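In my numbering, the protein residues as written are 71 to 326. See structure below.
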Amino acid sequence: MKRVKKVIFLLLPAIAILFALSPLSTSAIAPNVDEIIQDFANANSSAGVLFKDLSAGKDYQANGSGSMTAASLYKLYVAQFLYYQKSKGALSFSNKEPLSQAAVDQWSENVADCKNDQACINAIWPSRPNAGTLVSVSDCLPKMVIYSDNICGKFYLDYGRSAGIYSYLSSQGYGGTSLAPGGLSTSPSDVAKLLTLVAQSKFVTASDSNEISGLLARQAHRNKIPAGVPSLSAANKTGEIHSASSPYSHDAAIIK
71 MKRVKKVIFL LLPAIAILFA LSPLSTSAIA PNVDEIIQDF ANANSSAGVL
121 FKDLSAGKDY QANGSGSMTA ASLYKLYVAQ FLYYQKSKGA LSFSNKEPLS
171 QAAVDQWSEN VADCKNDQAC INAIWPSRPN AGTLVSVSDC LPKMVIYSDN
221 ICGKFYLDYG RSAGIYSYLS SQGYGGTSLA PGGLSTSPSD VAKLLTLVAQ
271 SKFVTASDSN EISGLLARQA HRNKIPAGVP SLSAANKTGE IHSASSPYSH
321 DAAIIK
């Protein structure tokens, strides 16, 4: 019980929170998890929370289907689409393509995410890339997932937009998610659906599930859900919007 409470209340300063936990044994889950989540949501009116118990096949949620600003959680959907494109032979993960100017313009977002910490910035890109710098999906997936790199994220989001990602998301049943220009959005239930596919080795293929799960387990930003469950295995993806007027802070995790 204390572990579940700690996960939730560590996130109190956040404006919007998404998370999915799975698969713990039923006996490890607090009997009053519904109450804990509702108390949290009542104290944070714009929060969205979803706790999915895969062992029992049960969801606990508050505003779980509500759509909200996605922040960097959009990179999970981009990653799934990239694996889908690979599975049908439409994309080679080793093929090098030149970065666009729009992508490299996201450098300032990386600096903000790293809070101007040079070691953090250098861990993503040892030197600042330029328009025309060659990258591949294999280069970019670790950057996007582990470090939440915005340069690779933007580059492959734009690729997805031109290659059919909107129809793909619709076909997967992500009804609360939009990656259209002008406002990326998602919902706790959509993020939980995606992470459930990863946990059940159905992300695209079993091999793809293992690969993305391994990247999530190497997440560099561990101060949210993983900090609340230090004795358990956590594979997570964070998201931040750095705005004085409308800040957002997300985390989504698979807990074992």
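The C-beta atom is built at its ideal place from N, Cα and C for all residues, glycine as well. Given the structure is predicted, the values throughout are model-derived calculations rather than measurements.
Assigned exposure category for P296 - 16 Cβ within 10 Å defines buried: buried
Between which two residues does the alpha helix (DSSP H) harbouring L285 extend? A276 to A287
Residue environment, N352, which counts as buried when at least 16 other CB atoms sit within 10 Å: Outside the shown range of the chain (71 to 326) lies residue 352, about which nothing can therefore be said.
For I85, I'd like the list of residues in its chain whose CB is within less than 6 Å of its CB, leaving aside the five on either flank, ordered along the chain. Residue placement at I85 cannot be trusted, given a pLDDT of 40 that sits under 50; what the coordinates show is reported in the next sentence. Cβ neighbours of I85 beyond the five flanking positions: S116, P317 and Y318.
Where the alpha helix (DSSP H) containing Q171 begins and where it ends: Q171 to V174
Assuming contact is defined by CB atoms lying nearer than 8 Å, are V148 and L267 in contact in what I supplied? no
Whole-Å CB distance - N220 paired with E179, under 8 Å assumed: With a Cβ gap of about 4 Å, N220 and E179 count as contacting.
Using the C-alpha atoms, what's the distance from V274 back to V207? 16 Å
D183 in three-state terms, based on DSSP: helix
Rounded to the nearest angstrom, how far is the Cβ of Y153 from that of D278, given a contact under 8 Å? 4 Å
Can you list, in chain order, the residues of its chain whose CB lies under 6 Å from that of C222, leaving out five sequence neighbours each side? Within the same chain, C222 has close Cβ partners C210, K213 and M214.
Chain D contact for F273 (CB, 8 Å cutoff): The chain inventory of the structure shown lacks chain D, comprising one protein chain alone.
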